[in-house]
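Residue numbers (the numbering used here), protein chains in the order written: chain A, 6 to 349; chain B, 6 to 349.
Note that beta-carbon positions come from the ideal geometry of N, C-alpha and C, so glycine has one too.
Predicted model only: the values in this text are computed from it and were never measured.
Here the structure is laid out as structure tokens; the discussion comes afterwards.
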DNA sequence: ACCGATCGGTAAAACGAATTACCCCGGGGG
DNA sequence: CCCCCGGGGTAATTCGTTTTACCGATCGGT
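Laid out in structure tokens, this is it:
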């Protein structure tokens, strides 16, 4: 086994392959970088053959030093381990990076501001070609001025300083889609089991919910809103509370899929069936949504697409073409947890 | 906003800071790298001051080129977006990397062998100081010979080729801990809702389960095993089946926390209370376990620690001191979903 | 007064590719 | 016959560090 980093037979360099076919390193470089308009097809082929034969691979550190580009995207986030956010977002970033022969360099900041600054500095020292910031729960973040040195995009986060571009889910439309769905099914008593009170997403979803009610000519005051915290237990408790209300709601709009899961358990314990007795709608569309029994109707947050979009623009050099804020739509995905209300 | 990568005032180099205090670049390098035994304290301080004043930061690409070390750890995994595995593992890797002034460079392979090879090649081209492979479900993987060029550790995966080191959860002991826990509570009819049949983890957990039964002088044949697939719906269906068995089990040992969640829903619909009527044990200890109502007793897989351990050894250069396989224990974490069986 | 050690530094050579500025040769036009 | 041009390359420089010599003083000892 290797003792230290990169031991063993030294890798052939561009010079070695040049020597092998009797041309200069320049020629090899030209061929490999596709600037071969000045190189004859014959030479070109011989170089390519030698590259293959010697198993030549470029030294990325050298390329990075000389060219200033490292084929690397810096990714800074609150907490990589948190679901359902991080996974799809980094997948999206990763996939387009990979298509561009680039890789993700990531830093977890635990929301610590000094760590954020350190992360940005480190990433810039490493000559990343772009920077993507992502927050777990949508929120405003503050970034060091340093980020101006590199194309930067925020995902699920925004900032008032500077002219940075942000990509966000359209939570308002998502909340509205959820109500409209149950309204269309004929529900007239709807409860909203909201997530953490002061979160940006919570408020936006709630506004969408209220606007949906209003648009249907209904009075939001007739439809209770319970405030929780996005966790299963919170969904459980809120559902218990909601179902003990005077005229019982026939539809539960949950702050996220976790809360919906809690609601499932609560409803089952109350002897209520989903969706026959009560319809349940989640939010996020995390993998578990499709696995719940019955499968959960929910609103999908396009984290993967948000990641892709962010990466595409940083690599494409088109960050500036983006508006200050881009909202991606959150479609409702109808599954088996919603149906017309009982007795209809 | 920045047009291209790293535009604006050019960064000061080691030479600039040297010039600024009237010493050579060598001196600056020596000071910065801590090799200052040959440098007088006075000069040392002047250099440090200049570094601060000019805001000098080293160019990592240049350092990487010259030294062959890049302060970078390559991380290759099946699928970054899958829970509950990836998050904690990469957190562990990331945290020790960060402590070492290093960063994670990651690649998602989607289990595609050619992609694995490409990832290894790319990472080695980038001169990573170490490589960590991780599989979502524990399994054997096949690695290109190339990995010998760099200290490599497998996490939650193993291989028969070469002499690579692997870090794995002790699933056998975990499975056994689960049975022993319910046995100690006095349960006599236990059902095992197993995960995907041919998975390594499934088998190991099952063996632990059986051995626990045997050790207690019980006959495994008296305790049914149901085979599923680690998803919520599977837990739901298996729990339904299990509870319709002749003498009803009083304890359900689930393949993972997702299945336990499904079991919760099924039990609630059957009008059975947890833990009064039936005890439930999960596996994994993902975040949701603590949030379930009642909070789920489960077996914890130390993914975070596995990540830390892997990183520590690759950075410490102590990979070879590791045995071929290191098993980390999976402790039972007792919460509220287990209790003595009814009527006891 | 001369000889070796230190001490405190420095100049120069890597590291491997990208890039700039030429250079040589053959052929076509005048 | 001479000139110029363009095709096909190449030598040399550069990127910013690390590292390996080596060097000029000062100093203690005899």
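If you run the structure through DSSP and keep just helix, strand and coil, what is residue 289 of chain A? strand
Beta carbons nearer than 7 Å to chain B: which residues of the stretch 229-241 of chain A have them? 236, 237, 238 and 241
When the Cβ atoms of the stretch 123-140 of chain B are set against those of the stretch 185-193 of chain B, are three or more pairs found closer than 8 Å? no
Of the listed residues A:255, A:236, A:147 and A:89, nearest to residue 362 of chain A (C-alpha basis): With chain A covering 6 to 349 only, the question about residue 362 of chain A has no answer from this structure.
With distances taken from CA atoms, which of B:121, B:163, B:86 and B:300 is nearest residue 328 of chain B? B:163
8 Å is my cut-off, CB to CB: does residue 69 of chain B come that close to chain A? yes
Would residue 107 of chain B pass as a contact of residue 77 of chain B if the rule is Cβ separation under 8 Å? yes
How about residue 267 of chain A and residue 290 of chain A: are their beta carbons less than 8 Å apart? Contact flag unset, no.
Closer than 8 Å, CB to CB, is residue 253 of chain B near chain A or not? no
If contact means a Cβ-Cβ distance below 9 Å, which residues of the stretch 266-292 of chain A contact chain B? 266, 267, 269, 270, 271, 272, 273, 274, 275, 276, 278, 291 and 292
With 16 as the cutoff for other CB atoms within 10 Å, does residue 219 of chain A come out buried or exposed? Under this definition residue 219 of chain A is an exposed residue.
State the beta-bridge partners of residue 195 of chain A as determined by DSSP. A:256
My output table needs one value for residue 332 of chain B: the three-state DSSP class, helix, strand or coil. strand
Can the beta-carbon of residue 138 of chain A be found less than 8 Å from the beta-carbon of residue 110 of chain A? Taking 8 Å as the Cβ cut-off, residue 138 of chain A and residue 110 of chain A do not qualify as a contacting pair.
Work out the CA separation of residue 249 of chain B and residue 84 of chain B for me, nearest whole Å. 37 Å
Which residues in chain A have a C-beta closer than 9 Å to the C-beta of residue 112 of chain B? List them in chain order. Within chain A, the residues near residue 112 of chain B are 99, 103, 108 and 109.
Quick check on residue 185 of chain B: does DSSP put it in helix, strand or coil? helix
Chain A residues whose Cβ lies nearer than 7 Å to that of residue 85 of chain B: 92, 95, 96 and 99
Nonlocal neighbours in the same chain, by C-beta distance under 7 Å from residue 74 of chain B, ignoring five residues either side: 134
Less than 7 Å separating the Cβ of residue 242 of chain A from some heavy atom of the ligand GDP? Inclusion of the ligand GDP in the displayed structure is not the case, the ligand content being empty and no account of it being possible.
Per DSSP, residue 111 of chain A forms a beta bridge with which residues? A:80 and B:109
Just verifying my parser: in three-state terms, what is the DSSP assignment at residue 373 of chain B? As shown, chain B starts at 6 and ends at 349. That puts residue 373 of chain B outside it, with no answer to give.
Can you tell me where the alpha helix (DSSP H) with residue 344 of chain B in it begins and where it stops? Per DSSP, residue 344 of chain B belongs to no alpha helix (DSSP H) and is neither H nor E.
Report the three-state DSSP secondary structure of residue 138 of chain A (helix, strand or coil). In this structure, residue 138 of chain A counts as strand in the three-state DSSP scheme.
With a Cβ-Cβ cutoff of 8 Å, do residue 152 of chain A and residue 312 of chain A count as a contact? If you check the CB distance, residue 152 of chain A and residue 312 of chain A do not come in under 8 Å.
Looking at chain B, which residues of the stretch 304-317 of chain A have a Cβ within less than 7 Å of any of its Cβ atoms? none
Endpoints, alpha helix (DSSP H) assigned at residue 232 of chain A: Here residue 232 of chain A belongs to no alpha helix (DSSP H); instead the beta strand (DSSP E) covers 230-233.
Quick check on DSSP: helix, strand or coil for residue 306 of chain B? Residue state, collapsed to three classes: coil.
Within the continuous alpha helix (DSSP H) that includes residue 70 of chain B, where are the two ends? 65-72
For residue 57 of chain A, is the classification buried or exposed, using 16 other Cβ atoms within 10 angstroms of its Cβ as the cut-off for buried? exposed
Is any beta-carbon of chain B found at less than 8 Å from that of residue 58 of chain A? no
Under DSSP, the alpha helix (DSSP H) around residue 51 of chain A begins and ends at which residues? Start and end: 46-59.
Evaluate contact between the stretch 270-278 of chain B and the stretch 60-69 of chain A, counting only Cβ atoms and requiring at least three cross-stretch pairs below 8 Å. no
Is the shortest distance between the beta-carbon of residue 181 of chain A and the beta-carbons of chain B less than 8 Å? no
Please confirm if residue 21 of chain A has its CB atom under 8 Å from at least one CB of chain B. no
For the beta strand (DSSP E) containing residue 172 of chain B, name the first residue and the last one. 170-174 is the span of the beta strand (DSSP E), which, as asked, contains residue 172 of chain B.
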